[in-house]
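Undergrad: A single structure is presented below for examination.
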DNA sequence: TTGCCGAATTAACATGGATTAGTAGCCCGA
DNA sequence: TCGGGCTACTAATCCATGTTAATTCGGCAA
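Residue numbers (UniProt numbering), protein chains in the order written: chain A, 1 to 255; chain B, 1 to 255.
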């Protein structure tokens with residue numbers, strides 16, 4: 001377990017996220033908090049998980065920013081997901097022991113772990129917790145599908161806008177963005193790897209968004225001046241971030 | 001339930017697929033076969049599932065060919081997955097009631113369903129079946145990630161080659177392709193929607209592959225003349241289609 | 001302070017793939 | 001049998017994005 005006060009504080013985004021859907025009981029909350037062990041902080045660029053690593057437990061991002069990625073043999077890299085505080089590194093540990101992709105920290109990133117056995121017993125005894133985990137994976141899937149749409153169909157300016165909208169909402173949901181302001185501790189080259197665009201073109205596109213008065217940037221601080229308009233440019237609709245949310249709440253006791 | 005002999009026959013690819021990983025018992029097999037009801041055949045272009053549809057059960061593709069897709073308001077379409085016999089239309093029915101994307105038949109497609117309640121009871125009483133379903137979703141996820149890599153990083157000829165390799169292996173796994181020959185009942189425009197390329201460019205690219213002696217096509221019949229070489233062109237590695245396979249088999253009783 | 005290095009930025013140029021605009025083949029229904 | 005509507009296929013042209021290369025900026029270590 002982690003230090004109590006500290007852990008509550010650091011784990012706030014995580015709990016906020018789990019709580020958002022299923023309304024965990026206090027008991028559930030402390031059960032999962034007490035299961036978190038082995039907090040550690042990774043430096044930017046460090047791998048949290050390498051492809052083919054044997055996974056021995058579930059890690060949660062508590063602070064920082066990370067990504068899932070896959071490499072081609074010639075060095076091309078596709079980032080297939082961004083992980084923000086509250087996201088899991090490797091939920092599929094429940095079933096599979098080895099990852100097919102790597103996870104890397106992009107900013108200094110603190111994670112904590114739950115052992116596989118502990119996780120399995122939590123899941124078996126706490127249905128709401130189990131549902132919360134399921135929900136997490138489903139949202140991840142939905143995001144992945146939306147990213148495929150993004151990269152497959154949208155033009156550069158639409159892609160960038162869409163990603164900014166998504167990240168703003170996700171960070172806002174865990175209390176890390178507000179009033180249009182967010183910190184994205186990623187380089188333009190990393191944005192490019194996520195969107196299938198070159199660094200240069202990311203830069204051009206951000207300039208264009210700034211020119212249209214939609215965005216201000218200052219280093220890694222982003223200020224979305226008009227979220228509604230940015231969403232229109234990015235053909236962004238937030239539905240996919242709340243998969244089944246409204247439907248689950250009215251009947252939380254169904255399963 | 002479906003007619004017995006007929007159902008065994010039609011459901012062969014499905015059972016083959018479930019069986020591939022976890023080695024179901026005869027008992028498991030008949031349990032799931034007996035749960036299949038309501039077989040129906042959809043025509044090409046018919047939606048099997050519409051976005052926002054309330055899902056009342058799990059459908060399995062028994063015969064034919066289908067796709068998951070998402071539409072942008074202006075009509076652009078991204079196909080986010082192909083479903084071959086043995087694939088599930090909507091596994092997330094276990095948790096969520098509404099789909100965030102649609103599923104459409106591309107060829108005449110026969111599906112059968114399992115009611116949600118029946119499915120839940122199967123899952124609760126048959127751990128190996130439950131594992132098989134989990135595995136299915138994980139493979140789907142892995143494919144989705146690989147598609148994102150494909151569309152985000154690979155050039156057109158690589159993308160097309162990669163997809164052909166993937167579909168060949170997936171169809172071969174359920175007994176629907178062999179000796180380099182496969183039937184793809186999809187139009188070139190549909191391939192384009194899956195790969196983020198225009199119809200015209202799909203056509204050019206197929207011509208190029210034919211020109212290089214890698215491929216022969218005749219209508220919707222494809223003949224891969226040299227799978228190894230095609231895989232090299234497509235930077236294709238089949239690992240992602242067997243997520244954790246080798247790791248699960250040695251300890252099938254672990255959960 | 002100086003020097004270094006990675007990241008941001010910009011400009012010039014190159015190109016892969018989109019778009020447009022056709023023709024031709026094929027199936028199917030009248 | 002004909003005609004209509006897809007789908008395959010091709011060529012010409014255009015443009016969004018990649019590539020290359022150089023400059024600037026900011027932080028950080030000596």
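Backbone N, C-alpha and C define an ideal beta-carbon position, used for all residues, glycine too.
In this text, all values refer to a predicted model and were calculated from it rather than measured experimentally.
Nearest by alpha-carbon distance to residue 117 of chain B: which of B:56, B:198, B:164, B:134 is it?
TA: Looking at the Cα atoms, B:56 is the closest of the given residues.
Undergrad: Decide if the region 140-151 of chain B is in contact with the region 65-80 of chain A; the criterion is three or more beta carbon pairs, one per stretch, under 8 Å apart.
TA: The region 140-151 of chain B vs the region 65-80 of chain A: in contact.
Undergrad: What are the boundary residues of the beta strand (DSSP E) that residue 39 of chain B is part of?
TA: Residues 37-42.
Undergrad: Relative to the C-alpha of residue 241 of chain A, which residue among B:101, B:178, B:75 is closest?
TA: Residue B:101 is the option with its Cα nearest to residue 241 of chain A.
Undergrad: Check whether the region 105-117 of chain A touches the region 206-219 of chain A, counting contact only when three or more Cβ pairs, one atom from each stretch, lie closer than 8 Å.
TA: With a cut-off of 8 Å, the region 206-219 of chain A and the region 105-117 of chain A do not count as touching, because too few Cβ pairs lie within range.
Undergrad: If you measure between the beta carbons of residue 182 of chain A and residue 191 of chain A, is that distance less than 9 Å?
TA: No, the Cβ-Cβ distance between residue 182 of chain A and residue 191 of chain A is not below 9 Å.
Undergrad: Going by beta-carbon coordinates alone, are residue 99 of chain A and residue 60 of chain A separated by less than 9 Å?
TA: No, the pair does not count as a contact, with Cβ atoms beyond the cut-off.
Undergrad: Counting only Cβ-Cβ distances shorter than 7 Å, please list the residues of the region 149-175 of chain B near chain A, keeping chain order.
TA: Correct list: 149, 151, 152, 153.
Undergrad: To which residues does DSSP link residue 111 of chain B through a beta bridge?
TA: For residue 111 of chain B, which the question treats as bridged, DSSP gives the partners B:40, B:61.
Undergrad: Does the region 66-73 of chain B come within contact of the region 23-39 of chain B, defined as at least 3 CB pairs closer than 8 Å?
TA: They do not touch, by the three-pair rule.
Undergrad: Note the first and the last residue of the continuous alpha helix (DSSP H) segment covering residue 165 of chain A.
TA: It spans 156-173 - the alpha helix (DSSP H) in which residue 165 of chain A sits, taken as one unbroken run.
Undergrad: Please confirm if residue 206 of chain B has its CB atom under 9 Å from at least one CB of chain A.
TA: Chain A contact via Cβ: absent.
Undergrad: Indicate the three-state DSSP secondary structure (helix, strand or coil) for residue 181 of chain A in the structure shown.
TA: Residue 181 of chain A falls in the strand class under three-state DSSP.
Undergrad: When we look at the beta-carbon of residue 93 of chain B and count the other beta-carbons within 10 Å, is it buried (16 or more) or exposed?
TA: Result: buried.
Undergrad: At least one CB of chain B closer than 9 Å to the CB of residue 240 of chain A: is that the case?
TA: It does; some Cβ of chain B falls within 9 Å.
Undergrad: What would DSSP say about residue 97 of chain A, mapped onto helix, strand or coil?
TA: Looking at residue 97 of chain A - three-state DSSP - the assignment turns out to be coil, as it is neither helix nor strand.
Undergrad: Taking residue 224 of chain B as the query, report the chain A residues whose CB atoms sit under 8 Å from its CB, ordered along the chain.
TA: Per Cβ cutoff of 8 Å: no residues; residue 224 of chain B is ~21 Å from chain A at best.
Undergrad: What do you get for residue 43 of chain B, buried or exposed, if any count of 16 or more other CB atoms within 10 angstroms of its CB means buried?
TA: It is exposed - the Cβ of residue 43 of chain B has fewer than 16 other Cβ atoms within 10 Å.
Undergrad: Near residue 216 of chain B, what residues of its chain come up, given a Cβ to Cβ distance below 6 Å and the 5 sequence neighbours on each side ignored?
TA: Closer than 6 Å at the Cβ level, and outside the excluded window around residue 216 of chain B, lie 223.
Undergrad: With residue 227 of chain B and residue 180 of chain B assumed to form a contact (beta carbons below 8 Å), what rounded beta-carbon distance in angstroms separates them?
TA: 6 Å between Cβ atoms; contact.
Undergrad: On the DSSP bridge list, what partners appear for residue 224 of chain A?
TA: Note: residue 224 of chain A sits in a beta bridge opposite A:215.
Undergrad: For residue 251 of chain A, which residues from the same chain have a beta carbon less than 8 Å from its beta carbon, with the 5 sequence-adjacent residues on both sides left out?
TA: Only weak support is given to the placement of residue 251 of chain A: the predicted model assigns it a pLDDT of 39, under 50, and the value that follows is read from those uncertain coordinates. Closer than 8 Å at Cβ, skipping near neighbours: no residue.
Undergrad: What separation, rounded to the nearest whole angstrom, lies between the Cα atoms of residue 135 of chain B and residue 95 of chain A?
TA: Answer to the nearest angstrom: the Cα atoms are 7 Å apart.
Undergrad: At the 9 Å Cβ level, is residue 264 of chain B part of the contact set with chain A, yes or no?
TA: Outside the displayed span of chain B (1 to 255) sits residue 264 of chain B, for which this structure offers no information.
Undergrad: If we count the other Cβ atoms within 10 Å of its Cβ and call it buried at 16 or more, is residue 86 of chain B buried or exposed?
TA: Buried: at least 16 other Cβ atoms inside 10 Å.
Undergrad: Does residue 131 of chain A have its Cβ less than 9 Å from a Cβ in chain B?
TA: Yes, residue 131 of chain A counts as interfacial toward chain B.
Undergrad: Between which two residues does the alpha helix (DSSP H) holding residue 53 of chain A run?
TA: Note, residue 53 of chain A: premise wrong, no alpha helix (DSSP H); not H, not E.
Undergrad: Report the residues of the region 47-81 of chain B with a CB closer than 7 Å to any CB of chain A, ordered along the chain.
TA: Per Cβ criterion, the list reads 70, 72, 73, 76, 78, 80.
Undergrad: At a CB distance below 9 Å, what residues from the region 138-149 of chain A approach chain B? Give them in sequence order.
TA: The residues in question are 138, 140, 141, 142, 144, 145, 146, 147, 148, 149.
Undergrad: Sort A:239, A:88, A:10 by Cα distance to residue 137 of chain A and report the nearest one.
TA: The shortest Cα separation from residue 137 of chain A among A:239, A:88, A:10 belongs to A:88.
Undergrad: Do you know how far the Cα of residue 38 of chain B is from the Cα of residue 50 of chain A?
TA: Near 44 Å, if we compare the C-alpha coordinates of residue 38 of chain B and residue 50 of chain A.
Undergrad: According to DSSP, simplified to helix, strand and coil, what is residue 82 of chain B?
TA: Reduced to three states, the DSSP call for residue 82 of chain B is strand.
Undergrad: Measure from the alpha carbon of residue 110 of chain B to the alpha carbon of each residue in B:229, B:12, B:225, B:211, then state which is nearest.
TA: It is B:12 whose Cα lies nearest to the Cα of residue 110 of chain B.
Undergrad: Residue 75 of chain A: which of A:201, A:193, A:219 sits nearest, CA to CA?
TA: For residue 75 of chain A, the nearest C-alpha among the options comes from A:193.
Undergrad: Would you identify the three-state DSSP class for residue 236 of chain B, choosing helix, strand or coil?
TA: Reduced to three states, the DSSP call for residue 236 of chain B is coil.
Undergrad: In the structure shown, what three-state DSSP assignment does residue 11 of chain A receive?
TA: DSSP places residue 11 of chain A in coil when its eight states are reduced to three.
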